[in-house]
Each structure stands twice: as C-alpha cells, then as structure tokens.
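First comes the structure, then the notes that go with it.
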Amino acid sequence: MVFVGKGKHNFVIVQHFCPILTQYPHIFPVVRAVDWFIRSFFCTFTAKMCNRRRLVFRPMKRYENYSLLAHNTFGMDVRAVLFFEYDTVEELRAFLLTDDFIHCDRYLHIGSGSNLLFAGDYKGVVMHSAMRTLEVVSETDDHVLVRVGSGYVWDDFVAHCVAQGWAGVENLTAIPGEVGASAVQNIGAYGVEVRDVIVQVEAMALDGSVRTFTNEECQYGYRDSVFKRELRGQYIVTHVTYRLDKTPTYRLDYGDLRSRVEACGEPTLQAVRDAVAAIRDSKLPDPSVLGNAGSFFTNPVIPRVQYEALKAQYPTMPSYPVSEALVKVPAGWLIDSAGWKGRSLGRAAVHDRQALVLVNLGGATGQEVMALAERVCEEVYNRYGIRITPEVNFISCD
Ligand SMILES: Cc1cc2nc3c(=O)[nH]c(=O)nc-3n(C[C@H](O)[C@H](O)[C@H](O)COP(=O)(O)OP(=O)(O)OC[C@H]3O[C@@H](n4cnc5c(N)ncnc54)[C@H](O)[C@@H]3O)c2cc1C
4 MVFVGKGKHN FVIVQHFCPI LTQYPHIFPV VRAVDWFIRS FFCTFTAKMC
54 NRRRLVFRPM KRYENYSLLA HNTFGMDVRA VLFFEYDTVE ELRAFLLTDD
104 FIHCDRYLHI GSGSNLLFAG DYKGVVMHSA MRTLEVVSET DDHVLVRVGS
154 GYVWDDFVAH CVAQGWAGVE NLTAIPGEVG ASAVQNIGAY GVEVRDVIVQ
204 VEAMALDGSV RTFTNEECQY GYRDSVFKRE LRGQYIVTHV TYRLDKTPTY
254 RLDYGDLRSR VEACGEPTLQ AVRDAVAAIR DSKLPDPSVL GNAGSFFTNP
304 VIPRVQYEAL KAQYPTMPSY PVSEALVKVP AGWLIDSAGW KGRSLGRAAV
354 HDRQALVLVN LGGATGQEVM ALAERVCEEV YNRYGIRITP EVNFISCD
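For the sequence shown, the working numbering assigns the number 4 to the initial residue and increments by one for each residue that follows.
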C-alpha cells in the first residue's frame with residue numbers, strides 16, 4: 004500500500020506491496036481507490052506515526068517550482084511546477100498513484116533534455132529516471148544481451164561496451180542523452196541506428212502496468228518509434244535490452260570515418276570510438292558552451308522525380324537513396340544554400356559550422372528559437388519546394 008503525505012514531504016511506504024501489482028495489474032484501480040480512501044482519512048495520522056517510529060521511509064526526490072536549466076541542452080532557464088526523480092520501478096509506480104500525478108494538468112518524461120526545446124515554464128509534472136542499472140542477461144561465444152536502466156547515460160553505456168569488447172554501438176559514441184530516450188528516438192549516427200541492436204524495451208503504462216515491446220513492436224523508423232507516435236506520452240521506458248556482438252563488424256563507410264580509423268592501424272572498437280568522438284567534436288557545438296539540441300531538423304525524404312527536377316536546377320544538391328521512388332536530401336545543405344548558415348534572429352542563430360544545428364547565443368527563449376526555425380523552414384520551402392520539419396521536441400508552455 005502507498006501512503007503519501009501532503010506538501011513538500013512525500014513518503015512512499017511499504018513498497019514491497021508493489022511487486023504484486025506487477026503480476027496482477029488489473030487490481031491497480033482497486034488499490035488506487037483503497038489508497039485514496041485511506042489517505043483521505045488517515046494520512047496525517049499515519050505519516051506522524053511512521054515518522055515517530057522511523058519506519059522504512061524513502062523520501063522521494065520531489066521538488067516544486069523546479070528549475071530545468073540543468074535538464075535541457077538548449078540552456079532554457081524554465082521551471083516545472085513539479086519535478087520527480089525515481090530510482091526504481093516501484094517508486095515510479097507509486098508516484099503514478101499520487102495526487103501529484105493524478106491531478107496534474109500535464110506531464111512530461113525527460114532524459115537529459117538534449118532533444119527538447121521548452122517554449123517557457125512547464126505547467127505540469129516533469130519526471131526523470133535515475134535508474135542506472137546494467138546487467139548481462141545472457142551471453143554466448145558470439146554475443147551478449149545487456150539490460151540497462153533508462154537513466155543510464157548513453158555515452159557511458161557506449162564506453163562500457165567498448166571497454167568490454169562488445170560491438171554494435173561504437174559508432175553512436177558521444178550522442179548526448181540517456182538509455183530510455185535512445186529507444187524512443189531511435190538515435191543514429193555514422194551509418195548505425197540503435198534499433199539495429201535493441202532486442203526489447205520495457206515500459207510502464209500510466210496505470211502502473213509494465214509491457215515489454217519487441218524490437219518489431221517499437222515500429223522503428225528514421226529518428227522515430229511508436230513511442231513518438233501512437234503511444235506518445237502513454238508509456239515510460241524503464242529498461243532497454245541490447246544485443247551486442249563479441250566479434251566486431253566495423254561500419255566505417257560514412258564520411259571520413261574509415262580514413263581516420265585506418266590512420267591508427269587495424270580497426271578496433273576503441274579506435275572507432277575515438278575517431279567518431281573527434282569528428283563530432285570538430286563539427287558540433289558543445290552544448291555546455293553554446294546551447295543546442297543537435298540536429299534541429301530531420302533530413303527530408305522526397306520523390307525521386309522531384310529531386311531530379313531540382314538537381315537540373317541546382318546541380319550540387321546532394322542526395323541519398325531511400326528506395327526506388329524516394330531520396331533523402333540533407334537538410335543542412337538546403338539551409339546552407341538558402342543562405343542561413345551563421346545567420347541569427349534575435350538571440351538564436353544557425354550554427355556557423357553546421358547549418359542543421361540551431362543555437363542559443365545566450366538568453367534566447369524557446370519562442371525565439373522557434374521563430375528562427377520557422378523562418379528557415381519558410382525560406383527553404385520558398386526556394387526548393389521542400390518542407391523540412393523539426394527533429395527536436397517542442398514543449399509548449401500553454
Ligand atoms: C550536441 C548534440 C548532438 C546530437 N547528436 C545526435 C546524433 O548524432 N544522433 C541522434 O540520433 N541524436 C542526436 N542528438 C539528439 C539527442 O541526443 C537524442 O535525441 C537523445 O536520444 C535524447 O536523449 P535525452 O535523454 O536527452 O532525451 P530528452 O531530450 O530528454 O527526451 C527526448 C524524447 O524522449 C522522451 N523520453 C525521454 N526519456 C524517456 C523515457 N524514459 N520514457 C519515455 N519517453 C522518454 C521525451 O519525452 C522526449 O519526447 C544530439 C543532441 C545534441 C545536443
């Protein structure tokens with residue numbers, strides 16, 4: 004059973020009850036009703052008694068009017084009405100039972116905030132996972148299955164895999180963010196997407212039940228998954244299981260990755276990781292210096308016939324084949340050739356080395372960045388007839 008005190012000091016008690024809910028999720032509404040009844044009548048008394056007896060309380064990390072400055076790489080100094088961080092699945096489930104959550108106007112689960120743009124203060128509850136577990140669930144001579152908590156820092160996970168000699172994620176070195184979001188976003192870089200190594204994703208629904216999604220059920224696409232579409236906001240990713248190979252297959256055919264790696268001799272996982280990190284350092288602005296969220300736009304996919312017509316007019320326009328009928332055009336090229344590289348609007352700018360990245364020059368609001376993004380989109384459309392859309396999640400303040 005879960006008892007929650009009022010005001011700042013919330014306590015979750017007798018958490019051993021929660022595993023039963025995992026097995027029998029259909030009794031959740033009954034538990035919630037009983038919990039509400041007990042809290043209404045006995046909450047204050049119970050909390051006092053428990054305090055006096057020093058029962059096994061776990062003070063939840065629950066903060067009101069909380070600054071999200073350290074939780075978004077754009078450097079937006081915005082606040083959330085309530086911020087909640089949990090260490091375990093049980094704590095998360097218990098929080099979903101509280102009035103804080105049940106009666107909140109809106110909620111958002113974040114990772115490191117490296118793909119978010121807050122328009123202003125967030126008038127709701129922001130949740131964050133501090134689950135940083137990593138366990139090997141099975142291992143053969145060829146591969147290893149690793150189950151990782153959603154709050155594990157993505158690049159720490161990559162570093163761990165490389166150190167262990169586990170191949171599959173080394174090309175995804177230095178992508179900011181956490182494990183939970185990797186499975187939502189289907190992160191990708193240097194010819195690799197995380198869906199290539201995801202086996203399954205465990206996620207909690209808002210009623211506390213847990214569902215395991217197979218890779219197929221996640222419906223991965225380019226920077227896309229079912230968690231960003233049909234199931235948006237309905238599930239919280241708690242663990243991701245990855246399959247990593249003990250014998251590396253190096254994927255180096257992207258940009259100057261091969262030449263950089265081979266310059267150091269025979270390829271190794273560490274050499275790939277170092278090369279990717281160096282390339283990224285030379286191209287991308289460091290969010291701790293210049294606020295940004297990486298690529299602001301996704302690369303548009305257009306019909307091949309449209310591309311051929313444009314190519315006749317703009318012979319240097321690059322493309323990557325997607326299928327017989329479709330090609331992908333780099334959004335960075337479109338923005339650059341539309342004259343936006345390095346240009347600013349107010350305190351927001353298009354980065355001067357990487358046109359795909361919008362930056363906060365200092366003190367910009369989310370609205371200012373969005374205004375810049377809209378101008379860029381409009382001019383690209385007027386020039387090429389191609390719509391570019393944001394990859395970054397815009398969080399409105401209404
Ligand atoms: C400098 C820079 C470079 C980047 N380079 C790349 C790159 O090369 N490739 C690439 O793919 N991306 C890149 N990104 C984008 C970003 O790093 C990824 O999208 C990353 O996965 C976001 O992780 P996060 O933990 O910060 O998630 P957040 O930005 O906090 O959240 C992203 C989305 O995931 C949801 N979410 C987060 N955690 C959970 C959870 N546990 N359960 C359910 N939903 C959740 C959020 O609600 C939100 O919709 C870059 C960003 C920056 C700043």
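Even for Gly, the Cβ is constructed at its ideal location relative to N, Cα and C.
Excluding the 5 residues preceding and the 5 following residue i in the sequence, name in chain order all residues of the same chain whose CB lies nearer than 6 Å to its CB.
i      : result
Leu111 : Val129
Leu255 : Arg261 and Val264
Leu58  : Because Leu58 carries a pLDDT of 35, less than 50, the predicted location of this residue cannot be relied on, and the following value inherits that uncertainty. The answer is none, since no qualifying residue turns up.
Tyr257 : Tyr193 and Gly194
Asp158 : Ala177
Val149 : Val139 and Tyr245
Ala184 : Gly114
Could you confirm whether any beta carbon from chain B is found closer than 8 Å to the beta carbon of residue i?
i      : result
Arg390 : The structure shown contains no chain B; it is built from a single protein chain.
Please list the terminal residues of the continuous alpha helix (DSSP H) segment that includes residue i.
i      : result
Val161 : Trp157 to Gln167
Asp103 : Asp102 to Ile105
Phe98  : Val92 to Leu99
Leu313 : Arg307 to Gln316
Leu293 : Note, Leu293: premise wrong, no alpha helix (DSSP H); not H, not E.
Ser70  : No alpha helix (DSSP H) contains Ser70, which is instead part of the beta strand (DSSP E) from Lys64 to Ser70.
Gln188 : Val182 to Gln188
Tyr384 : Gly369 to Tyr387
Leu337 : Ala334 to Ser340
Arg283 : Leu272 to Lys286
Arg263 : Leu260 to Glu265
Hey, residue i and residue j are a contact pair by Cβ (cut 8 Å); roughly how many whole angstroms apart?
i      : j      : result
Glu181 : Gly224 : Not really, about 21 Å apart at Cβ, beyond 8 Å.
His131 : Glu94  : Contact flag wrong, Cβ pair sits at about 12 Å.
Met207 : Arg350 : Rounded, the Cβ-Cβ distance is 38 Å, inconsistent with contact.
Ala73  : Ile398 : Wrong, their Cβ atoms sit about 16 Å apart, outside the cutoff.
Glu142 : Leu272 : Wrong, their Cβ atoms sit about 17 Å apart, outside the cutoff.
Arg307 : Ala328 : 6 Å
Ala166 : Arg283 : Not really, about 19 Å apart at Cβ, beyond 8 Å.
Val204 : Val240 : 6 Å
To which residues of the same chain is residue i closer than 7 Å at the C-beta, ignoring the five residues directly before and after it?
i      : result
Lys231 : Val187
Lys344 : Ile338, Val353, Asp355 and Ala358
Gln370 : Ala122
Tyr253 : Pro270 and Val275
Phe300 : Ala334, Leu359, Ile391, Thr392, Pro393 and Glu394
Asp124 : Val81, Arg82 and Cys400
Cys267 : Ala274
Just to confirm, are residue i and residue j a CB contact at a threshold of 8 Å?
i      : j      : result
Tyr66  : Arg82  : no
Val147 : Leu137 : no
Leu359 : Ile338 : yes
Arg386 : Ala341 : yes
Ile247 : Val200 : With the sequence shown as reference, residue 247 is identified as Leu, and Ile is not the correct amino acid for it. Cβ atoms of Leu247 and Val200: closer than 8 Å.
Asn189 : Arg226 : yes
Ser228 : Gln222 : yes
Leu119 : Val372 : no
Gly168 : Lys249 : yes
Asn302 : Lys331 : yes
Val362 : Pro288 : yes
Thr76  : Gly116 : yes
Gly114 : Val84  : no
Asn218 : Val202 : yes
Check for me: the beta strand (DSSP E) holding residue i runs from which residue to which?
i      : result
Asn396 : Asn396 to Ile398
Leu329 : Leu329 to Lys331
Phe87  : Arg82 to Tyr89
Asn402 : Given that the chain is displayed from residue 4 to residue 401, the structure contains no residue 402 and the question cannot be resolved.
Met130 : Tyr125 to Ser132
Within 10 Å of its beta-carbon, does residue i have 16 or more other beta-carbons around it, so buried, or fewer, so exposed?
i      : result
Arg356 : exposed
Thr244 : buried
Cys400 : exposed
Ala170 : buried
Ser43  : Since pLDDT at Ser43 reaches only 44, below the 50 mark, its modelled position is unreliable, and no value is offered.
Pro318 : exposed
Tyr323 : exposed
Pro179 : buried
Val139 : exposed
Asp103 : buried
Thr368 : buried
Pro321 : exposed
Val15  : No answer about Val15 holds up, because its pLDDT of 37 lies below 50 and its placement is not dependable.
Gly366 : exposed
Gly78  : buried
Val292 : exposed
Ile105 : exposed
Gly388 : exposed
Ser326 : exposed
Ala376 : buried
Ala281 : exposed
Give every residue of the same chain whose Cβ lies closer than 8 Å to the Cβ of residue i, excluding the five residues on either side of it in the sequence, and list them in chain order.
i      : result
Asp145 : Asp248, Lys249 and Thr250
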